[in-house]
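Working notes, beginning with the structure itself.
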Amino acid sequence: MKHAATLTINGMAYPVELDGDTTLVRAIRDDVGLTGTKEGCDDCECGACMVLIDGRPVNSCTYFALQAVGSEVTTVEGLADGETLSNLQSAFLDQGGVQCGFCTPGMLVSAHALLRENANPTEEEIRLALGGNLCRCTGYAKIASAVMQAAKASV
Amino acid sequence: MGNVAFHTATTVDEALALLGDGSDARVVAGGSDLIVQARHGKSLPGTVIAIHRIAALDHLESADGLTLGALTSHATIAADAAVRATWTALADASALVGSHATRNVGTIGGNVMNASPAMETGGPLIVLGASVTLRSAAGDREVAIEELWTGPGTTSARPGEICVAVSVPTQPANTGSAYVRLEYRRAMEIAIVGASACVTLDDNGIVTDAKIALTALAPTIIRSPGAEVAIVGSDGNDDALAAVAAGASADAKPISDLRANEDYRRAMAGVIAKRAVAVAAQRARGEEFPIPATPVFMKGSGR
Ligand SMILES: Cc1cc2nc3c(=O)[nH]c(=O)nc-3n(C[C@H](O)[C@H](O)[C@H](O)COP(=O)(O)OP(=O)(O)OC[C@H]3O[C@@H](n4cnc5c(N)ncnc54)[C@H](O)[C@@H]3O)c2cc1C
Ligand code: FES
Ligand code: FES
Chain A
9 MKHAATLTIN
19 GMAYPVELDG
29 DTTLVRAIRD
39 DVGLTGTKEG
49 CDDCECGACM
59 VLIDGRPVNS
69 CTYFALQAVG
79 SEVTTVEGLA
89 DGETLSNLQS
99 AFLDQGGVQC
109 GFCTPGMLVS
119 AHALLRENAN
129 PTEEEIRLAL
139 GGNLCRCTGY
149 AKIASAVMQA
159 AKASV
Chain B
2 MGNVAFHTAT
12 TVDEALALLG
22 DGSDARVVAG
32 GSDLIVQARH
42 GKSLPGTVIA
52 IHRIAALDHL
62 ESADGLTLGA
72 LTSHATIAAD
82 AAVRATWTAL
92 ADASALVGSH
102 ATRNVGTIGG
112 NVMNASPAME
122 TGGPLIVLGA
132 SVTLRSAAGD
142 REVAIEELWT
152 GPGTTSARPG
162 EICVAVSVPT
172 QPANTGSAYV
182 RLEYRRAMEI
192 AIVGASACVT
202 LDDNGIVTDA
212 KIALTALAPT
222 IIRSPGAEVA
232 IVGSDGNDDA
242 LAAVAAGASA
252 DAKPISDLRA
262 NEDYRRAMAG
272 VIAKRAVAVA
282 AQRARGEEFP
292 IPATPVFMKG
302 SGR
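Sequence lines, in order, name chains A and B. Residue 163 is where the first sequence ends in this note's numbering, and the numbering goes up by one at each step. Residue 304 is where the second sequence ends in this note's numbering, and the numbering goes up by one at each step.
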């Protein structure tokens, strides 16, 4: 059954027609066409699909798209200011926190939420905050240093 | 997944009307259990009713006992100063759920109604003496938490009922509680085994009352009478704690699955129950112990 609805993503309103059981990650990628958000496990384990809903990180593979109607969704595309990368995004490049890049959108979204709550986290706090984001490439050390660098840059 | 009608309710009455007799409809709060299960073959009903916009179900009051609206998130519970001070085992539990994201979307109502024998808040709610309020068109009824669960994934709630609140009574003076879980990693983990304890001390530090519950050690979360008798009347010394461990292992009815075998679970039931009782007693004496009471073994930080 199709439901007409409007999703608000990165400040833009997108009219969509969705099945009742369409997950938010599928709507963002297939219906809205923003492909920064990744679908990794599609089982709420890997965090590649992480988005912000009203500012809080949520696994978009395990959230019905229609649950997000009426909320502000922020995807990785919403973190940069146009073509200008955020401090956090630049820090991932500087520190080599990106290898294949599949986990990166989710890492950025979770780390962005962490830094807004805690501008000066310890390495352990960073690792706990990114506990729901898996990376098969980097071994996490450079991701943690990137978040530390971004925290220093904005303090 | 299939052909599903989706409604967003903004009042409990609206949700109850949409739910009808509950034969082909189901509520979704955060969705963190329901959607995972739907993907693993437990099919969705014809109608899904989203309840997360029902503002009247999102509240936490702690002036006279603790009342949690069904939509209270684990993040809210784990951060609340009154819960941390008075109903500490519950804070221990909510702080361990999933990841930051899971704690943001996952609700107390969804946790208890999902009725997993491995779920985090169940043991704490049992030892703290909690009850749930279930509402239907016929009105409200209160069910003791131990009578809510009837088996893995099943409850005594009727199909047309919605959980509106979870209530936990005020605790006596000199009472402390703790929830400890055995885990292989901190985030996105399911308890291998877990134990909850709530103990009350007299002025001489003797345990006058103790409730101990075991998680992931039976088809539902259960009390451990063997562990409880072992600690009451003692001052929490090592011999009493060893008896707690023996009692908990004897009361456990574990299964073998891919996470652990039966013998390991039974052995760990005692170890974890003993730790939970020791932390609860420490808190009852007014000594600080970190929340969550399950320590993090952080590896790979490079120093
Ligand atoms: C990655 C991940 C990690 C997790 N880690 C943990 C963990 O460590 N510990 C743990 O205990 N759980 C864990 N969970 C499970 C889950 O997050 C929690 O049980 C959570 O509290 C469920 O709440 P929800 O609102 O998302 O439930 P939902 O999925 O919305 O609902 C769960 C069930 O309860 C019913 N329901 C929900 N609300 C009500 C209500 N008010 N009245 C009647 N029925 C209702 C639904 O119909 C459904 O059957 C995890 C889940 C995921 C995806
Ligand atoms: S795709 Fe959502 S957690 Fe992996
Ligand atoms: S960079 Fe490849 S998964 Fe993280």
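Glycine residues also receive a C-beta, built at the ideal position from the N, C-alpha and C atoms.
For residue i versus residue j, is the C-beta spacing smaller than 7 Å?
i        : j        : result
B:Ile36  : A:Thr70  : yes
B:Leu149 : B:Ser137 : no
B:Thr155 : B:Ala116 : yes
A:Ser118 : A:Leu93  : no
B:Tyr180 : B:Ala90  : yes
B:Cys164 : B:Met120 : no
B:Ala270 : B:Ala249 : yes
B:Ile232 : B:Ala211 : yes
A:Gly104 : A:Asn18  : no
B:Gly227 : B:Ala282 : no
B:Ala30  : B:Thr122 : no
B:Lys275 : B:Val245 : yes
A:Pro23  : A:Thr14  : yes
B:Ser197 : B:Gly99  : no
A:Ala99  : A:Ala56  : no
B:Asp65  : B:Ala294 : no
B:Ser235 : B:Val272 : no
Exposed or buried, what is residue i when buried is set at 16 or more other beta-carbons lying within 10 Å of its beta-carbon?
i        : result
A:Asn67  : buried
B:Arg286 : exposed
A:Thr83  : buried
B:Asp34  : buried
B:Glu190 : buried
B:Ile292 : buried
A:Cys108 : exposed
B:Gly32  : buried
A:Met20  : exposed
A:Leu96  : buried
B:Phe298 : exposed
B:Ser302 : Because B:Ser302 carries a pLDDT of 47, less than 50, the predicted location of this residue cannot be relied on, and the following value inherits that uncertainty. Classification of B:Ser302: exposed, given that the 10 Å Cβ count is below 16.
A:Cys111 : buried
B:Gly21  : exposed
A:Glu91  : exposed
B:Pro308 : Since the first residue of chain B shown is 2 and the last is 304, residue 308 of chain B is not available in this structure.
A:Arg144 : exposed
B:Gln172 : buried
B:His41  : exposed
B:Ser257 : exposed
B:Ser44  : exposed
B:Ala16  : buried
B:Ser225 : buried
B:Ser24  : exposed
A:Asn141 : buried
B:Pro153 : exposed
B:Arg304 : Bear in mind that the predicted position of B:Arg304 carries a pLDDT of just 41, short of 50, making it too unreliable to give a figure here.
A:Ala127 : exposed
Give the residues of chain A in contact with residue i, contact being defined as C-beta atoms less than 9 Å apart.
i        : result
B:Val29  : Phe72, Gln75
B:Ile36  : Asp29, Thr31, Cys52, Cys69, Thr70, Tyr71, Phe72
B:Gly124 : Per Cβ cutoff of 9 Å: no residues; B:Gly124 is ~22 Å from chain A at best.
So with CB distances below 7 Å, who are the chain A contacts of residue i?
i        : result
B:Ala102 : Met58, Pro65, Val66, Asn67, Gly140
B:Gly32  : Thr70, Tyr71, Phe72, Gln75
B:Asn115 : Simply none; closest approach about 14 Å.
B:Asn105 : Arg64, Pro65, Val66
B:Leu45  : Asp29
Report the neighbours of residue i on chain B: residues whose CB is nearer than 8 Å to its CB, in chain order.
i        : result
A:His120 : Going along chain B, no residue has its Cβ under 8 Å from A:His120, so there is no contact; the nearest lies around 12 Å.
What residues from chain A crowd round residue i, counting only those whose CB sits closer than 8 Å?
i        : result
B:Ala51  : Phe72, Leu74, Gln75
B:Arg187 : Leu136, Gly139
B:Ala39  : Asp29
B:Gly23  : Ordered by position in chain A, no residue passes the 8 Å Cβ test against B:Gly23, which lies about 17 Å from the chain.
B:Gly70  : Residues of chain A passing the Cβ test: none, with the nearest at roughly 18 Å.
Since residue i meets chain B, which of its residues come closer than 9 Å, beta carbon to beta carbon?
i       : result
A:Glu47 : Within 9 Å Cβ-Cβ: nothing; A:Glu47 doesn't reach chain B, min ~12 Å.
A:Gly78 : Thr9, Arg54
For a contact defined as C-beta to C-beta under 7 Å, what are the partners of residue i on chain D?
i      : result
A:Met9 : You won't find chain D in this structure, because its protein chains are A and B.
Contained beta strand (DSSP E) runs [length at least 3] in the segment 58-111 of chain B, N- to C-terminal order: 67-70
Contiguous alpha helix (DSSP H) assignments of at least 4 residues, all confined to the segment 233-271 of chain B: 239-252
Runs of beta strand (DSSP E) wholly within the segment 164-195 of chain B (minimum 3 residues, chain order): 176-183
Residue ranges of each alpha helix (DSSP H) within the segment 197-230 of chain B, 4 or longer: none
Runs of alpha helix (DSSP H) wholly within the segment 63-147 of chain A (minimum 4 residues, chain order): 95-103, 112-125, 131-137
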